[in-house]
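Following: one structure in structure tokens, then a few remarks.
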Amino acid sequence: ESLRSCQGLNIDDVFESIGEVLGSASIGQVHKAKLTHKYGGDTVAVKVMHPNAENLFRNDFKVFRTLCKVALPGWDPILRELEMQMMTEFDYKNEARNLNSVRAN
Numbered sequence: 003e004s005l006r007s008c009q010g011l012n013i014d015d016v017f018e019s020i021g022e023v024l025g026s027a028s029i030g031q032v033h034k035a036k037l038t039h040k041y042g043g044d045t046v047a048v049k050v051m052h053p054n055a056e057n058l059f060r061n062d063f064k065v066f067r068t069l070c071k072v073a074l075p076g077w078d079p080i081l082r083e084l085e086m087q088m089m090t091e092f093d094y095k096n097e098a099r100n101l102n103s104v105r106a107n
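Start counting at 1 in the sequence shown, then tack on 2, and there's your number in this note's numbering.
Structure follows, in structure tokens:
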């Protein structure tokens, strides 16, 4: 269902089929899919984020930072940097741009 609301596209127009899970991680899964003829008909990988993954991470990290402020107050700058780096994992559009850049070079 989350795919159906993504990017304002009608998913049935884009994908002929979305199939087996090829891989799974803490924030999402990758599925094998086939594009419709309108979009080239290729077999592709579709990366789908688990619902609420980003909110859950933000809440968990907030608790972690609060605990560390008490136990390890000098670590706050390090934890801020770590949080910023980890948040990039939720930006699938940026990941796609980077992959396209690598493919173009």
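Ideal Cβ positions, reconstructed from N, Cα and C, are used throughout, including at glycine.
All of these numbers come straight from a predicted model, not from anything done at the bench.
Going by CA-CA distance only, name the one from the options that's closest to residue i.
i: V65; options: T38, E85, N54; result: E85
i: D62; options: G25, P75, L81; result: L81
Could you check what DSSP says for residue i in three-state terms: helix, strand or coil?
i: G76; result: helix
i: A55; result: helix
i: S28; result: coil
i: T38; result: coil
Quick check: the Cα distance between residue i and residue j, rounded to an integer number of angstroms?
i: V72; j: D78; result: 10 Å
i: F92; j: A98; result: 12 Å
i: K36; j: G42; result: 9 Å
i: F17; j: V104; result: 25 Å
Any beta carbon from chain B within less than 7 Å of residue i's own beta carbon?
i: R60; result: Of the protein chains in this structure there is only one, and it is not chain B.
Please check the pair residue i and residue j, which I expect to be a contact at CB under 8 Å, by giving their CB distance rounded to whole angstroms.
i: V32; j: A47; result: 5 Å
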